[in-house]
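Numbering (my numbering), first residue to last: 43 to 535.
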């Protein structure tokens, strides 16, 4: 889910109380199609002909869900953040839009800590396979490092502080397939607000909504209550539904957790074995809206039109020194990952993703910079496309579920994203600001109809994305973490 060049601007203004002005060829492609609903958002929104104004939460509740299964609060697994039900902190109405907003400890989260990365300039060369003098990390004098802390070494990866010797030297445990071969020289080190704790005994089998007590080999004195909990499996960060650490007892080394939400593809019950690493992260809450209406993409041609707004964000790039780090804008989002996309309505499996219209600040700080991309997913992943040097072209680098490519700048301001699913001819067309930028051969094979989703994911804890630094980098990078939804419209031929 990725991002577009700022030089693009909407060719026509969105007029309050009227349908957004149209620009060919996107409008020509769907001329005469039947409207399935048009929604304009904001406290001052006025519905034009055939439109519905969404000016407050009650109206939003009537047309959109907050989870894939709203009644059971079942949702798609997220990044660092967790999605929450609509509330005044994460679903914020402005005069001309609904801002899907990321906040620390907001919504339904109760949190006693903050979000602070401690940065240091590595002195000399660090061999992650040998005990390390903590002074080599270059952290400020008095910085306390504890067993269970998670440290990022620039361009190398993510590591757990696994033990501290009587001489004070630190032994690291590589996580998420992080590098253990090459020494780390003259790079940044990051002591993160994340924790990796090792279970001393297996957890009891538990169900969503029930409390579970976890016993660990140690709990750092600095770890606060209220953190969100995941676990490490197959060298990846897994989300065992939406655990919360509601109590933390550092004397008995126990954490009582509560499942709040259930994630799609996770079993209704789960037992974590002894020795497994549980990951604790600050509870960043964020927002998504999902259409109550669904779209039978196996039968008929459909179009999906989204007018959204992106804030100016920190451009993704490698940061090599503390000075470069401090020079980054303090109040611009970092780790911003907004998207408008289609997903098969199936709350029991994670393999139903079928199509995406994605735009965000690419979250690999090492590879950067910002990108816009779109994917078509199904039985196989179809190559996506990106904007590169003002030209739309197929991407060339395979990165996980899609194909990404370096771009030249971030998306800022208003943008119109249009997806036309032409089932009748097995094609999907993507338009940006009314202009056709990509066509793919594609046929929806999911037996379930599609939902249209707009959401804001935040950050990452994956080793493949975070080999440089975890993000958000600073608490201030959560400021203005807003994806504006201005207008959504759906059509059928």
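Ideal placement from N, C-alpha and C gives every residue a C-beta, glycine not left out.
> Between residue 525 and residue 350, which are expected to be in contact by the criterion C-beta below 8 Å, what is the C-beta distance as a whole number of angstroms?
Replying inline: 6 Å
> Using DSSP with H/G/I as helix, E/B as strand and the rest coil, what is residue 366?
Replying inline: Here residue 366 sits in helix by DSSP.
>> DSSP three-state label for residue 478, please.
In response: strand
> Who are the Cβ neighbours of residue 162 in its own chain at under 6 Å, not counting the five residues just before and after it?
Replying inline: 179, 180, 181, 231
>> Using only the alpha-carbon positions, how far apart do residue 328 and residue 340 sit?
In response: 31 Å
> Below 7 Å between beta carbons: does that hold for residue 295 and residue 261?
Replying inline: In this structure, residue 295 lies near residue 261, with their beta-carbon atoms less than 7 Å apart.
>> For residue 580, list the residues DSSP reports as bridge partners.
In response: Since the first residue of the chain shown is 43 and the last is 535, residue 580 is not available in this structure.
> For the candidate residues 335, 117, 521, whose alpha-carbon lies nearest to that of residue 374?
Replying inline: 521
>> In the DSSP output, which residue or residues are listed as bridge partners for residue 291?
In response: 296
>> List, from N- to C-terminal side, the beta strand (DSSP E) runs of 3 residues or more that fit wholly inside the stretch 175 to 206.
In response: 191 to 195, 199 to 206
> Identify the residues that DSSP records as bridge partners of residue 497: which are they?
Replying inline: Per DSSP, the beta-bridge partners of residue 497 are 330, 381.
> How long is the line joining the alpha carbons of residue 225 and residue 286, rounded to whole angstroms?
Replying inline: 36 Å
>> Please report the straight-line C-alpha distance between residue 258 and residue 189, rounded to a whole angstrom.
In response: 11 Å
>> Looking at residue 382: is its Cβ nearer than 7 Å to the Cβ of residue 459?
In response: yes
>> Would the stretch 330 to 339 count as touching the stretch 103 to 117 if we require 3 or more Cβ pairs under 8 Å?
In response: yes
>> Between 242, 176, 487, 463, which has its C-alpha nearest residue 214's C-alpha?
In response: For the residues 242, 176, 487, 463, the minimum Cα distance to residue 214 belongs to 176.
> Which residue or residues does DSSP assign as beta-bridge partners of residue 109?
Replying inline: None; residue 109 has no bridge partner.
> If you draw a straight line from the C-alpha of residue 517 to the C-alpha of residue 271, how long is it?
Replying inline: 19 Å
> In terms of alpha-carbon separation, which member of 98, 496, 461, 384 lies closest to residue 490?
Replying inline: 384
>> Per the DSSP calculation, residue 135 is bridged to which residue(s)?
In response: 140
> Going by other Cβ atoms of all chains shown within 10 Å of its Cβ, with 16 needed for buried, is residue 47 buried or exposed?
Replying inline: Its pLDDT being 26, under 50, residue 47 is placed unreliably by the model, and the measurement read from it follows with that caveat. Answer is buried; the Cβ neighbour count reaches 16.
> Taking the C-alpha atoms as reference points, what is the distance between residue 131 and residue 166?
Replying inline: 45 Å
> What number of angstroms, rounded off, separates the C-alpha of residue 121 from the C-alpha of residue 380?
Replying inline: 12 Å
> Under 7 Å, do residue 269 and residue 238 count as touching if we go by C-beta distance?
Replying inline: no
>> Please return the same chain residues whose Cβ sits closer than 7 Å to the Cβ of residue 290, not counting the five positions on each side in sequence.
In response: 261, 265, 267, 297
> Looking only at its own chain, which residues have a Cβ that is under 8 Å from the Cβ of residue 210, when we skip the five neighbours before and after it?
Replying inline: Residues 175, 176 of the same chain have their beta carbon placed closer than 8 Å to that of residue 210, with the five preceding and five following residues left out of the count.
> For residue 140, which residues of its own chain have a beta-carbon under 6 Å away from its beta-carbon, when the five flanking residues on both sides are left out?
Replying inline: 83, 527
>> Mapping the DSSP letters down to three states, classify residue 211 as helix, strand or coil.
In response: In the three-state scheme derived from DSSP, where H, G and I count as helix and E and B as strand, residue 211 is classed as coil.
>> Nearest by alpha-carbon distance to residue 378: which of 523, 199, 532, 212 is it?
In response: 523
>> Distance check for residue 133 and residue 320, CA to CA, integer angstroms please.
In response: 30 Å
> To the nearest angstrom, how far is it from the Cα of residue 223 to the Cα of residue 67?
Replying inline: Distance between the alpha carbons of residue 223 and residue 67: 52 Å.
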